[in-house]
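All the letters of the sequence shown, read from the start, carry residue numbers 1 to 321 under the UniProt record's numbering.
Quick notes on the structure that follows.
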Amino acid sequence: RDGFTFPTSLMVLHFLCTWAFVSIAEKMRWFTAKRIAWHRYALLGAAQVGSVAFVNLSLMHNTVGTYQLFKFTNVLMTVLIEFAWLGKLYSTAIYASLAVLVVGVSVATVTQVAFSHLGLLFGMCGSVATAIYQIYNKRVQTECEVSALQLLQYEQPFTTLWAAIFACFSDDLSKLAHTSISQSLAIEIFISCVFAFGVNLSCYLIIGKTSPLTYSVVGHVKTIGVLVIGFVAFHEQTTTKHMLGLMLAFAGIVWYTHLSTAGSRKPMPPVASPTTASARLSTAASRDDASEAVAIIMHSSAPSVDDDAVATSMTPKQRAD
1 RDGFTFPTSL MVLHFLCTWA FVSIAEKMRW FTAKRIAWHR YALLGAAQVG SVAFVNLSLM
61 HNTVGTYQLF KFTNVLMTVL IEFAWLGKLY STAIYASLAV LVVGVSVATV TQVAFSHLGL
121 LFGMCGSVAT AIYQIYNKRV QTECEVSALQ LLQYEQPFTT LWAAIFACFS DDLSKLAHTS
181 ISQSLAIEIF ISCVFAFGVN LSCYLIIGKT SPLTYSVVGH VKTIGVLVIG FVAFHEQTTT
241 KHMLGLMLAF AGIVWYTHLS TAGSRKPMPP VASPTTASAR LSTAASRDDA SEAVAIIMHS
301 SAPSVDDDAV ATSMTPKQRA D
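As structure tokens, this is what we get:
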């Protein structure tokens, strides 16, 4: 609008404002700053810029239907890269629920699909870059023990730098220098920066608290929400195809949520508290039962082990015994 056709430069402002908002939050003592190795910030920033940039290029060189189709491959790319990079596997039920979700959203939203060589390249790069960015984001938060705000504070300057370098090649900076910014345009740019901060923060929070795969599923929930609002609030035309796709997608989301929450509620093996162990040890000593006392000491000092890990490490013959 208003002749502002510089998407990458706008992306630079979004990252810069995110850094500013997070720095203000740190000054207000909403969280405590924590630094990690600088190369972590540089790699994550490059992955984030690559994700946003290639997705935008995919939208520019593809039809809306093709662009949406590539967005739906993020789930597939996340699963494949997690397996190839981290050796991570999910249950068959999880894979089935994801398939139902992706098919449902595709049926409900994808309309005209047309491919071009350049559009295909940008679409695939966008899906791969997005999956790598989300997986590496989770890995950094977990391995370095940093929160979403702590990571954003020192990572966003690197992201801003990468985006500025990319803008030098993708935007016409000479034209940007002579573009007049009206008051209404400035307000719209600022509002977009506020929303960008919210999107970036929610992305880091969801990935940190759950997983990259769950974040991809949440993205599809947003798509379904937009469709439902359009049908209900704006009375957009609905077809049997749309309704069938929405029902399939909703079923996939409910199924995936059930499987994920059921896995997180797995009971842990009981561990004797020091007080209980001491009481049992005193009782055993009063009975002069040395064997029981030794058993209590060994049990209370041994680390707790997950039953599944034990079962995995046992041979088939040991499990049969």
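Glycine is no exception: its CB is placed at the ideal position from the N, C-alpha and C atoms.
Scanning its chain for C-beta atoms nearer than 7 Å, with the 5 sequence neighbours on each side dropped, one finds around V102 the residues F72 and V75, in chain order. Taking a cut-off of 8 Å for Cβ pairs, the region 123 to 137 and the region 90 to 106 do not touch, as fewer than three such pairs fall below it. Going by DSSP, Q156 is part of the alpha helix (DSSP H) stretching over A148 to S170. Counting along the chain, Q68 sits inside the alpha helix (DSSP H) bounded by residues V64 to F72. Contact between the region 243 to 257 and the region 84 to 91 is absent, with fewer than three C-beta pairs closer than 8 Å. Pairwise C-beta distances place the region 35 to 47 out of contact with the region 110 to 125, as fewer than three of them are shorter than 8 Å. Relative to the Cα of E82, the nearest Cα in the group T261, A129, F4 and L69 belongs to A129.
Beta-carbon to beta-carbon, V107 and L13 are separated by about 37 Å, too far to satisfy the 8 Å threshold. Setting aside the 5 residues that flank it on each side, S170 is surrounded in the same chain by T8, each with a C-beta closer than 7 Å to its C-beta; the list follows chain order. Setting aside the 5 residues that flank it on each side, R40 is surrounded in the same chain by V140, each with a C-beta closer than 6 Å to its C-beta; the list follows chain order. Nearest in C-alpha terms to A37, of all of K27, L151, V52 and M77, is L151. In this structure, Q156 keeps its C-beta atom at 7 Å or more from the C-beta atom of A33.
Within the region 172 to 201, the complete alpha helix (DSSP H) segments at least 4 residues long are 173 to 177, listed from N- to C-terminus.
For the options F250, F122 and M60, the alpha carbon positioned closest to that of V221 is the one of F250. By the 16-neighbour rule on beta-carbons within 10 angstroms, G198 is exposed. In terms of Cβ geometry, T18 and Q68 do not form a close pair [threshold 7 Å]. Apart from the 5 residues on each side of it in sequence, V146 sits with its Cβ closer than 8 Å to the Cβ of K34, I36 and V140 in its chain, given in chain order. Using a Cβ distance threshold of 7 Å, F70 and G123 count as a contacting pair. For Y136, the three-state secondary structure derived from DSSP is helix. Apart from the 5 residues on each side of it in sequence, A196 sits with its Cβ closer than 6 Å to the Cβ of H14 in its chain, given in chain order.
Here the C-alpha atom of V64 lies approximately 27 Å from the C-alpha atom of V254. Rounded to whole angstroms, the gap between the alpha carbons of A164 and F21 is 19 Å.
If you ignore the 5 residues before and after A99, its C-beta comes within less than 8 Å of the C-beta of G252, all in its own chain and listed in chain order. Spanning the alpha carbons of S127 and Q183 requires a straight line of approximately 36 Å. Its chain contains F15, G45, Q48 and V49 as the residues whose beta carbon lies nearer than 7 Å to that of T159, once the 5 sequence neighbours on both sides are disregarded; these appear in chain order. The alpha-carbon of A42 is positioned some 19 Å away from that of I207.
A check of alpha carbon separations from V79 across F231, G119, N62 and Y215 identifies Y215 as the nearest. For Y90, no alpha helix (DSSP H) segment is defined, and its DSSP state is neither H nor E. Taking the C-beta atoms as reference points, G119 is found no nearer than 7 Å to H178. Using a Cβ distance threshold of 7 Å, F6 and L205 do not count as a contacting pair.
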